[in-house]
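As structure tokens, the structure follows; a few thoughts come after it.
Below, the structure written as structure tokens:
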């Protein structure tokens, strides 16, 4: 039987495709520190389950396609707290940030249209792009430069008549980079000059460290008709399995187009919306505690990485990931080797292979992504395992070579 | 700002786009019998909410991309009860039947590839097709022929080198038609001869009346590697707002491709899977009761329609819809007129305009779809309102004219 070119061209998820090796290792009794997936260990606010348990209905009926008004109002109030002016009607509830991204691509791109994305990027951007025939055009950024953007000229050179938008994750997954106001203004200027959308994936909005000031693309009024905000409760409230997010934009025509897409899939689940509405009433102290915890983890992780010979990485300033360049022949091989052949007292660690976060062929081969979603103690243990694993790995090279 | 051609070409949902007129009527104090949307009034089995309320976890974490094993096993056991051989690994859990359809289109079609669909069809087939640039090629069927398929020759004439599959809803939404075994064998032969997939939307599997024997496309072993079953708990267990469905196929390569799409969107919600797993343990007596209830409603509705002068419709044999050809100039105008200008003691009724269920331009203009999802008493009232509305409508024509 034949399959579509688009699906054949899709890669398996770099975050998930090595799971069979992990299962195999676990079956042999190994304990694995899972730094491969952005699944926080932080407790979900109990209000989520409580609201659902308090909810009662005889018929689990369709919700509205745009999402419950109570939830959209809660989201709107949340944005107001960040001085981001988004009203109920500027928001459509989606099945996680994932569906928001898919809708954004579908609404602005036809097949073979292009979207610029700084690489390394969240691997599923490629998956969504490929599944709807949008061409992802990478803006290459480097660990040595903290994954900040290249000069405007280099980005502008990538813009063609088929470019429809620029997609940025800020704070960045997998880089941990926070863009400066100057970088954001530069992208905004390019968007205005070339009539592009900015798709702003801001699901890590609260995960900003070292007292840095966070700017949302929703704060730039001159591009308010072309900023599409992609958001999610997954990381903010440690509710990845709720699959509740939103797409938000102040351009009413854009939202009318997205509504058609939303109507096609009818609605997102009723109960999850009830729970998510409650999440938005979580006291700010919860988010502050979470921020403090992640900053401590980041410190633990980064100081351990800095002490490993031949390892290159930039200090992550946000989100909860770090892209690490390793002194190895092939990071994916190294990850598999760690799962199959290395342990300390029956314990090993797991990361996500770097290549899947790049669109440029061959890039990221020496890199992996760590998600610091474990507690400090476990991170210390995992970093010790990594250090000793790197020393023992037969495919070790002298130092991370230039890409 | 520019939008994609694909989204601009999408129609608003024919089921949902007239809702503003209904809201307006309600705001004026009118009561509306909503026969426009397939939202059953039947109680969801309480096991759904109970299982979720009994569920407890500290972290609402990502589920696996293919879906919980417990749910997939429950689905597999359910299929075994129908003699449809589908194992756990042949099944991926989706966000309703909607996502299953989207995945099927993405996995087998590239842009401009074609899928044949008997029309009138579930309007969202057009939405899903359009959003991923799949061309929907209609196989026209007629109310006068009970919406059964035209001769093989006519269908074969529609097959081109770009045809990738045939999508059928059986029992049919919006037609209520059950295909005969001969029709199914004919489609299977065409699929084999022309190397096509059969996408079998069987979400109404239990909704078959008059003691008719139901055959699933999963019962035809000679095409087992090319049958893609789309399914959902929405109608079966009156759980539309759960958004749990599945895509199932015995072709392992096909399922491997779909898994990549599933990994892209990470997972469906954890809690809804817990609830849906419980639904599959619902005693058969529930489904038998539901079937009996819908058959009674069908009888009430159909006998009322038969007595209305100039109205043409086929007796629906399954699902819970009927496509009705009306003696009016324009069915959508008529629906709006009913909401704005007609009532009996402050009560009126609502249907879904027929044109949106056709791909052939101009077809269905005199038709609307009724969903008999209300109790018998309400259906009697709604049909009385319809009858008198048709008599009073200024755009009435002598009889439903030939299309």
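Protein chains in written order, with this note's numbering: chain A, -5 to 397; chain B, -5 to 397. Yeah, the Cβ is synthetic: ideal placement off N, Cα and C, and Gly gets one too.
- Relative to residue 66 of chain B, the option among B:53, B:73, B:77, B:82 whose CA is nearest is B:82.
- At least one CB atom of chain B sits nearer than 8 Å to the CB of residue -1 of chain A.
- Contact check for residue 345 of chain B against residue 30 of chain B passes: the beta carbons are separated by less than 8 Å.
- As DSSP reads the structure, residue 363 of chain B sits in a beta bridge with B:317, B:346.
- Judged by DSSP in its simplified three-state form, residue 379 of chain B adopts helix.
- Contact of residue 132 of chain B with chain A is not assigned, every C-beta pair being separated by 8 Å or more.
- For residue 134 of chain B, the beta-bridge partners assigned by DSSP are B:113.
- Exposed is the label assigned to residue 335 of chain A, since fewer than 16 other Cβ atoms lie within 10 Å of its Cβ.
- For residue 172 of chain B, the closest alpha carbon among the candidates B:195, B:220, B:157, B:155 is that of B:195.
- In the three-state DSSP reduction, residue 193 of chain B falls in the strand class (E or B).
- Contact annotation for residue 248 of chain A against chain B: -5, -3 [CB-CB distance below 9 Å, chain order].
- For residue 200 of chain A, the three-state secondary structure derived from DSSP is coil.
- At a beta-carbon threshold of 8 Å, the residues of chain B lying near residue 93 of chain A are 259, ordered along the chain.
- The C-alpha of residue 319 of chain A is placed about 8 Å away from the C-alpha of residue 325 of chain A.
- The DSSP-derived three-state label of residue 225 of chain A is strand.
- The beta carbon of residue 183 of chain A does not come within 8 Å of any beta carbon belonging to chain B, so the residue lies off that interface.
- Within chain B, the residues whose beta carbon sits less than 7 Å from that of residue 56 of chain A are 33, 234, 235, listed in sequence order.
- Nearest CB-CB separation between residue 240 of chain B and chain A: not below the 8 Å threshold.
- Pairwise C-beta distances place the segment 241 to 248 of chain B out of contact with the segment 41 to 58 of chain B, as fewer than three of them are shorter than 8 Å.
- The DSSP-derived three-state label of residue 300 of chain B is helix.
- For the C-beta of residue 121 of chain A, the chain B residues within less than 9 Å are, from N- to C-terminus, 254, 255, 257, 258, 259.
- Taking C-alpha positions only, residue 331 of chain B is separated from residue 317 of chain B by approximately 19 Å.
- In this model, residue 90 of chain B and residue 233 of chain B are separated by some 10 Å (Cα to Cα).
- Residues of chain B with a Cβ closer than 7 Å to the Cβ of residue 67 of chain A do not exist, since the nearest Cβ in that chain sits about 18 Å away.
- About 6 Å separates the beta carbon of residue 101 of chain B from that of residue -3 of chain A, a gap short enough to meet the 8 Å contact definition.
- Around the beta carbon of residue 52 of chain A, fewer than 16 other beta carbons sit within 10 angstroms, so the residue counts as exposed.
- Shown here is that no member of the segment 297 to 308 of chain A has a Cβ falling below 9 Å from a Cβ of chain B.
- In this structure, A:309 is the residue among A:48, A:130, A:269, A:309 with its C-alpha nearest to the C-alpha of residue 202 of chain A.
- At a Cβ-Cβ threshold of 8 Å, residue 237 of chain B and residue 252 of chain A do not count as neighbours.
- Each of A:200, A:189, A:207 was checked against the Cα of residue 218 of chain A, and the nearest Cα belongs to A:189.
- For residue 14 of chain B, the uninterrupted alpha helix (DSSP H) segment begins and ends at 13 to 21.
- For residue 341 of chain B, the beta-bridge partners assigned by DSSP are B:25, B:338.
- Contact annotation for residue 337 of chain B against chain A: no contact, minimum CB-CB distance about 25 Å [criterion: below 8 Å].
- Scanning the segment 59 to 103 of chain B from its first residue to its last, the whole alpha helix (DSSP H) runs of 4-plus residues come out as 63 to 75, 90 to 102.
- Under the three-state reduction of DSSP output, residue 356 of chain B falls in the coil class, being neither helix nor strand.
- Per DSSP, the unbroken beta strand (DSSP E) holding residue 163 of chain B starts and ends at 157 to 163.
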